[in-house]
Amino acid sequence: AKNVGILAMEIYFPPTCVQQEALEAHDGASKGKYTIGLGQDCMAFCTEVEDVISMSLTAVTSLLENYKIDPKQIGRLEVGSETVIDKSKSIKTFLMQIFEKCGNTDIEGVDSTNACYGGTAALFNCVNWVESSSWDGRYGLVVCTDSAVYAEGPARPTGGAAAIAMLIGPDAPIAFESKLRGSHMSHAYDFYKPNLASEYPVVDGKLSQTCYLMALDTCYKYFCHKYEKLEGKQFSISDADYFVFHSPYNKLVQKSFARLLFDDFVRNASSIDDAAKEKFAPFSTLTGDESYQSRDLEKVSQQVSKPLYDAKVQPTTLIPKQVGNMYTASLYAAFASLIHNKNSELAGKRVILFSYGSGLTATMFSLRLQEGQHPFSLSNIASVMNVGGKLKSRHEFAPEKFVETMKLMEHRYGAKDFVTSKDCSLLSPGTYYLTEVDSMYRRFYAKK
Ligand code: ACO
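Per UniProt numbering, the sequence shown starts with residue 2, numbered consecutively.
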């Protein structure tokens, strides 16, 4: 199989959201801390009728319907998620309801979990399968689904929720440059979920930022090595048209792209002109560790990278800024933003993606885009996803209502024997929602 990659995409995020500006005021944070400091506009969250299973049921059903894919044509289904509802039963098995109905139970794959990286692991599994000798000619399907919620405190505004479904096969408009991959995996306690009775993570915020940037540097280093071996010339930022980052909050994305430019300076790469060289020069003697701590370097890099950021990164930031951190779906929601914003200009472009999951696992990889043929074309993907329409039809909750919802969800986490309000008035037609968890913890869903 040639040009294996993403043929089709669908995104779902809850219609319920809270404005960061309002949350900031409610939390007593200084004005601008969430909107400018973190760079976030709005945050989506699940109410008691939605969860990672309902969101993924919605995304998968909608993808199959909108691209007219017969469920029998799916041969592999992989889910990436870090939202644990059951320690044994995979989310994938819940999604099998859709396929069983059509008589298809011959579908490989289960769930992958490591913080925000599980979706990338799932995606690689599907792409590798289509490229392998065990491929049976059918499509792969990848689902990234998460509800990111934090305890009250500084991390709470970096929540979010979404599910993304991606159809995988050959001759894709979004094709993998499979040889171009750099990974970095190591042991860290930056963000983890050791308390199985709580949905909230334990987070060392500052450490998680440094781990993220160190992983970025290392992945970029390996990525560049591989490119140089393959192409016989140096790689620099100018060799890619867009950069897409895992997006816990937008400020980290700004810092990450700035960091790549500094990496190019250190490597003496062609993307750095004389003016940039002069600005970076005072920092050329910093050790690696010092460079992560230097506020001056951070400021200068962001300033130097601003025009390139506007061209190569800004078009990828819409959904993460509007919906928040979607954990496994976050990187792919950023990529979906690019398709939404630029679909008619993307043919022939190279896009570099950086996936990061705390704990930690990270990979930088490359995609090559072409327009493709209906229904698997970039323009059709943009129109099916209807990002603008979905963002517009949301319902803003007051911060008090958001906090109240979080309290109810804490209570419901791991609970049994309850029925939900079944209030689906805010959901659009076709959306799945949770109706009941019975005395055996079995979960029941309905479709609006
Ligand atoms: N106006 C403008 N900017 C402001 C204001 C203001 N009034 N107040 C603060 N800021 C800026 C700060 O200067 C800082 O920016 P900087 O980093 O450029 O200096 C930014 O806002 C955040 O302020 P901090 O005081 O650093 O924020 P705090 O420590 O309270 O929390 C954090 C931020 C650590 C990101 C927290 O939200 C968190 O722990 N989030 C979850 C962890 C996370 O997402 N990590 C990322 C990788 S791991 C993952 O994906 C889960």
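Ideal placement from N, C-alpha and C gives every residue a C-beta, glycine not left out.
Bear in mind that the values here come from a model prediction, so they are computed numbers and not experimental data.
Short of 7 Å in beta carbon distance, which residues of its chain neighbour residue i, apart from the five on each side in sequence? Order them along the chain.
{"i": "Ser-295", "result": "Phe-284 and Leu-287"}
{"i": "Asp-424", "result": "Val-50"}
{"i": "Arg-139", "result": "Gln-74, Ile-75 and Gly-76"}
{"i": "Ala-216", "result": "His-185, Tyr-357, Leu-361 and Ala-363"}
{"i": "Met-407", "result": "Val-150"}
Can you tell which of the options has the C-alpha that lies nearest to the C-alpha of residue i?
{"i": "Lys-417", "options": "His-396, Tyr-433, Phe-403 and Tyr-442", "result": "Tyr-442"}
{"i": "Thr-432", "options": "Ile-92, Gly-6, Met-10 and Phe-14", "result": "Phe-14"}
{"i": "Glu-25", "options": "Gln-255, Ala-156, Asn-126 and Leu-96", "result": "Ala-156"}
{"i": "Leu-368", "options": "Pro-195, Leu-181 and Gly-289", "result": "Leu-181"}
{"i": "Ala-166", "options": "Asn-67, Val-131 and Cys-145", "result": "Cys-145"}
{"i": "Met-186", "options": "Ala-122, Asp-172, Tyr-35 and Val-80", "result": "Ala-122"}
{"i": "Pro-321", "options": "Ala-312, Ala-335 and Thr-36", "result": "Ala-335"}
{"i": "Lys-343", "options": "Met-44, Val-314, Met-407 and Glu-411", "result": "Val-314"}
{"i": "Ser-331", "options": "Thr-62, Ser-134 and Ala-163", "result": "Ala-163"}
{"i": "Phe-398", "options": "Cys-47, Lys-3, Asp-112 and Ala-2", "result": "Cys-47"}
{"i": "Thr-329", "options": "Asp-71, Ile-99, Cys-127 and Pro-249", "result": "Pro-249"}
{"i": "Cys-117", "options": "His-226, Gln-374 and Tyr-193", "result": "Tyr-193"}
{"i": "His-375", "options": "Thr-36, Gly-29, Lys-300 and Ile-70", "result": "Ile-70"}
{"i": "residue 473", "options": "Leu-214, Leu-309, Gln-304 and Asp-242", "result": "Lying outside 2 to 449, the shown extent of the chain, residue 473 is not represented and no answer is given."}
{"i": "Thr-219", "options": "Arg-268, Asn-196, Tyr-190 and Val-204", "result": "Arg-268"}
{"i": "Asn-105", "options": "Gly-38, Thr-211, Phe-125 and Leu-78", "result": "Leu-78"}
{"i": "Leu-199", "options": "Val-61, Gly-206 and Val-150", "result": "It is Ser, not Leu, that sits at residue 199 in the sequence shown. Nearest of Val-61, Gly-206 and Val-150 to Ser-199, Cα basis: Val-150."}
{"i": "Ala-447", "options": "Ile-99, Ala-23, His-27 and Gly-38", "result": "Ile-99"}
{"i": "Thr-36", "options": "Lys-408, Glu-109 and Glu-22", "result": "Glu-22"}
{"i": "Leu-435", "options": "Ala-2, Ser-57 and Ala-9", "result": "Ser-57"}
{"i": "Asp-242", "options": "Ile-353, Ala-9, Pro-158 and Glu-101", "result": "Ile-353"}
{"i": "Asp-147", "options": "Gly-81, Cys-127 and Leu-208", "result": "Gly-81"}
Classify residue i as helix, strand or coil using the three-state DSSP reduction.
{"i": "Thr-406", "result": "helix"}
{"i": "His-185", "result": "strand"}
{"i": "Asp-112", "result": "strand"}
{"i": "His-27", "result": "helix"}
{"i": "Thr-362", "result": "strand"}
{"i": "Ile-70", "result": "coil"}
{"i": "Thr-288", "result": "coil"}
{"i": "Lys-448", "result": "strand"}
{"i": "Cys-18", "result": "strand"}
{"i": "Cys-43", "result": "strand"}
{"i": "Phe-236", "result": "coil"}
{"i": "Asp-311", "result": "helix"}
{"i": "Ile-7", "result": "strand"}
{"i": "Arg-157", "result": "helix"}
{"i": "Thr-121", "result": "helix"}
{"i": "Gln-371", "result": "coil"}
{"i": "His-247", "result": "coil"}
{"i": "Ile-169", "result": "strand"}
{"i": "Gly-76", "result": "strand"}
{"i": "Ile-353", "result": "strand"}
Just to confirm my understanding: we take residue i, look at its own chain, exclude 5 residues before and 5 after, and list those with CB closer than 6 Å. What are they?
{"i": "Glu-153", "result": "none"}
{"i": "Phe-95", "result": "Ile-54"}
{"i": "Phe-246", "result": "Val-254, Ser-257 and Phe-355"}
{"i": "Val-420", "result": "Glu-437"}
{"i": "Thr-59", "result": "Tyr-13, Thr-432 and Tyr-433"}
Comparing the CB of residue i with every heavy atom of the ligand ACO, is any distance shorter than 6 Å?
{"i": "Val-53", "result": "no"}
{"i": "Gly-206", "result": "yes"}
{"i": "Tyr-228", "result": "no"}
{"i": "Ser-31", "result": "yes"}
{"i": "Gly-325", "result": "no"}
{"i": "Thr-146", "result": "no"}
{"i": "Ser-306", "result": "no"}
{"i": "Tyr-190", "result": "no"}
{"i": "Lys-293", "result": "Checking the sequence, you will find Tyr at residue 293 rather than Lys. Tyr-293: no, Cβ never under 6 Å from the ligand ACO."}
{"i": "Ser-199", "result": "no"}
{"i": "Cys-117", "result": "yes"}
{"i": "Lys-102", "result": "no"}
{"i": "Ser-302", "result": "no"}
Quick one: what's got a C-beta closer than 8 Å to residue i's C-beta in the same chain, skipping five residues either side?
{"i": "His-396", "result": "Pro-16, Thr-17, Cys-18 and Leu-427"}
{"i": "Ser-440", "result": "Lys-417 and Asp-418"}
{"i": "Ala-383", "result": "Ile-340, His-341 and Asn-344"}
{"i": "Ser-338", "result": "Pro-316, Thr-317, Thr-318, Leu-319, Ile-320, Pro-321 and Val-388"}
{"i": "Glu-178", "result": "Arg-351, Phe-366, Ser-367, Leu-368 and Arg-369"}
Please decide whether residue i counts as near chain B, where near means a Cβ-Cβ distance under 7 Å.
{"i": "Ile-70", "result": "Looking for chain B here will not work: only one protein chain is present."}
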